[in-house]
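In my numbering, the protein residues as written are 30 to 503.
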RNA sequence: GGUCCCGUCGUCUAACGGUUAGGACACCAGGUUCUCAUCCUGGCAAUAGGAGUUCGAUUCUCCUCGGGAUCACCA
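Here you go:
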C-alpha cells in the first residue's frame, strides 16, 4: 500500500500549535512510509473564509520544513487541491448516492428543522433528523440540502491512536451531504476527496471522532474502503480546560518564527506534546523523529501547552549550534545600532550571549550595550545589595583605582582576568562589590555576560570611557 | 442531557500484573571569583475516589467523581 497522508485545514484563520501538530504527524507518517504528503484546502464555507490564510497555511508548513508533494500550489495527479474547485466531483458522487437511493432532498426549511430540534430538546431526547425523514421526497435539484439516507447500526472500528472504539446506532443520522448553495459539507467532501486522492491514513483532531460512525455509514453507501484513521487528542491551553484556540491567546505559529524560535525546536517541542519514544530522550531532531515516531505511541489524553518548556527546548537548540551557524540565523535580529558594527565584532558579542539566548528576539536587549552608550542609571548601583551601602566617594575611589590598573592592560581576556584579580587584592574588596560595580558602570544593565569577556569584547577605549563617565556621574 | 474519548508530580511523560513509582520542564537550595544565563549537586512534588479479580494492581473489570469532544446548510 502506498502511504498517502494529507493535511486538510480550512482557510478560516491562522494556524497554531494544535493544527500544526496534526500536520507534522501526518507528514512524518508519509515520509516514514516513503509516501506522499498532500495539502488540501477545505474551503467549502465561503462565509467563514478569511482571505490570505491559505497562503499563511502554506507558509507555516514551509517554515517548519513540512514540504508537501501535492497541493494548491503544486501540481499533482488528483487536483485541484482546493475543494471549492472540485464541486463537479462532489456532484457526481452525490448523484451516485441519489441513484442508489442512499440520499434524498431535504424538504424542510432551516426553521422547520430547528423546530424539530427544539422539540426533541424539550423532551430531553437527542435530536435525530431521521425521525422526520420524509416518505416521498421530491427529486433533488440542488436547491435544497441533500441528506444521507442513513442505515442506523452499531459500529466498531480501530483508531491507530485511540484503539478500538464502538458506538451504538443512536449516533447515526441523516446528515447533510450537499448544502443548498451547491457546496458539499465537510462530512461529505473529505470522504470523496480522500477516496479520489487515494489517501491511506486520515490523521485529524479529536473533534471529528464523534462523527466517525456517520462517516462509516457514508463509506458503506459509497462502497469505499475507509482509510486508516488516527485521531489526535487536542492540545489544551495552559489551564488545561479548553482546546487550544486563537481566541484563548494561542499564538499563531508564524509569531514564533518571527520571534526567533528555531523551526527544529518547534518541531521537536510540538512532536513531544503528546508523543514520546518511551525512553528518557527529551529533544528530537527531525531526522530522529523520522526514525522513531509512531502513531501507536501518541498519547490518548490531551496535553497542555506549556510555553516554558518550548523556551527550554529552543535554548537547547541555540546552545548546540556553532557560533557561525548561530550568527547566520540571527542576522535580522541585531539591535539597530549594530548596523555599522563589523562581522568580527558581532561574532564576538554573539559568543558572549549564546548560552543565555532563549530566542533570537532577545538579542537586542541582551547586547545593545555593546553597540551604544546607554544612559547612566543610578538605580543600578543604589539597588545593589552591596554597592548600595557604599558612599559615592568610596565608589569613586574604587573606579579610579580600577581605571588606572586597566589602562595598563592589553584587554585580552587573560590579562584582564589577572588584573581584575590583582585589583581585588589592591582594594581589598570582594568580587561581589568590585566586579558588580565595574559591570554596572560598563553595561548600565542589570545583567550581562561575565566581566572580563565583556571588557575584552567591548575594548579598551570604550571600557575606560564608560568607567570615566561613571566616575564623573558620582 | 445523549454519545464517545480521557484521568501518574504544577506541566510534558516512563513504568511485560512484582520499581524505594523513573526522567524532563518549572520551582527552591548550594557550588561554578560579580549579575543574568550555562553547567554540576541536592530538594520539593503524582498513580482522582471506591469496590472487585489476584499472593500481589499505576497496569485488568465495574461504579462514582472529574476533564474534554460532539450533537450546524462550520470544519
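Here a beta-carbon is modelled for each residue, glycine too, at the ideal position from N, C-alpha and C. Fair warning: this is a prediction, and the values are worked out from it, not measured in the lab.
Between which two residues does the beta strand (DSSP E) holding residue 66 run? Taken as a continuous stretch (DSSP letters only), the beta strand (DSSP E) holding residue 66 covers 65 to 68.
Please give me, in chain order, every unbroken run of the beta strand (DSSP E) with length at least 3 that falls completely inside the segment 214 to 296. 230 to 234 and 257 to 261
Cα separation between residue 319 and residue 180? Here the alpha carbons of residue 180 and residue 319 stand approximately 41 Å from one another.
Would you mind listing the alpha helix (DSSP H) stretches within the segment 382 to 426 that are 4+ residues and don't spill past its ends, in chain order? 392 to 396 and 407 to 411
In chain order, what residues of the same chain lie with their CB nearer than 6 Å to the CB of residue 76, ignoring the 5 residues before and after it? none
CB contact flag (residue 39, residue 88, <8 Å): no
If you count every other CB in all the chains shown that lies within 10 Å of the CB of residue 33, and 16 or more means buried, which is it? By the 10 Å Cβ count, residue 33 comes out buried.
Are residue 338 and residue 267 close, meaning C-beta to C-beta below 8 Å? no
Sequence-distant residues of the same chain with beta carbon closer than 8 Å to residue 432, five excluded per side: Contacts found: 493, 496, 497 and 500.
In angstroms, rounded to a whole number, what distance separates the CA positions of residue 97 and residue 35? Taking the straight line joining both Cα atoms gives about 9 Å.
Exposure of residue 134, with buried meaning 16 or more beta-carbon neighbours within 10 Å: buried
Let me make sure I understand the geometry here. Which of 116, 145 and 281 has the alpha-carbon closest to that of residue 171? 116
Secondary structure of residue 191, DSSP reduced to three states: coil
Would you mind stating whether residue 138 and residue 78 have Cβ atoms separated by less than 8 Å? Taking 8 Å as the Cβ cut-off, residue 138 and residue 78 do not qualify as a contacting pair.
Go ahead and pull the three-state DSSP assignment for residue 201. coil
Output yes or no for whether 8 Å exceeds the beta carbon distance between residue 215 and residue 71. Note that the C-beta distance between residue 215 and residue 71 is below 8 Å.
Quick check on the DSSP output: the alpha helix (DSSP H) that includes residue 33 runs from which residue to which? Unbroken run through residue 33 is the beta strand (DSSP E), 33 to 36; no alpha helix (DSSP H).
What are the start and end residues of each continuous alpha helix (DSSP H) run of 4 or more residues lying completely inside the segment 73 to 156, in chain order? 82 to 92, 116 to 128 and 139 to 151
Can you have a look at residue 256 and say buried or exposed, based on whether 16 or more other CB atoms are within 10 angstroms of its CB? buried
Using the Cα positions of residue 113 and residue 353, report the straight-line distance between them to the nearest angstrom. Approximately 47 Å between the Cα atoms of the pair.
Leaving out the 5 sequence neighbours to the left and right, which residues in its chain are closer than 6 Å to residue 258 when beta-carbon positions are compared? Same-chain partners within the cutoff: 188 and 231.
Which class does residue 169 belong to by DSSP, given the choice of helix, strand or coil? coil
As a quick exercise: from 37, 351 and 252, pick the residue whose alpha carbon is nearest that of residue 377. 351
Is the beta carbon of residue 435 closer than 8 Å to that of residue 448? yes
Would you say the segment 139 to 154 touches the segment 121 to 130, given that touching needs at least three Cβ pairs under 8 Å? A contact between stretches requires three or more CB pairs, one per stretch, nearer than 8 Å, and the segment 139 to 154 fails this requirement with the segment 121 to 130.
Let's test the definition: count the other Cβ atoms within 10 Å of the Cβ of residue 243 and tell me whether it reaches 16, buried, or not, exposed. buried
With contact counted as at least three CB pairs below 8 Å, one residue from each stretch, are the segment 436 to 455 and the segment 381 to 399 in contact? no
Look at the alpha carbon of residue 342 and the alpha carbon of residue 306, and state the distance between them as a whole number of angstroms. 17 Å
Mind the definition here: the segment 419 to 429 touches the segment 388 to 406 only if three or more C-beta pairs lie below 8 Å; say whether that holds. no
Going by alpha carbons, who is nearest to residue 476 out of 131, 399 and 48? Selected option, being the one with the closest Cα: 399.
Measure the CB-CB distance between residue 203 and residue 168 and report whether it falls below 8 Å. For the pair residue 203 and residue 168, the CB atoms are not nearer than the 8 Å cut-off.
Using only the alpha-carbon positions, how far apart do residue 295 and residue 478 sit? 27 Å
Residue 58, buried or exposed, once every other Cβ within 10 Å from all chains shown has been counted against 16: When all chains shown are included, residue 58 counts as buried.
Cβ-based burial, residue 252 [other Cβ within 10 Å; buried from 16]: Here residue 252 is exposed: its Cβ has fewer than 16 other Cβ atoms, across all protein chains shown, within 10 Å.
By alpha-carbon positions, which one of 369, 365, 366 and 346 ends up nearest to residue 358? 346
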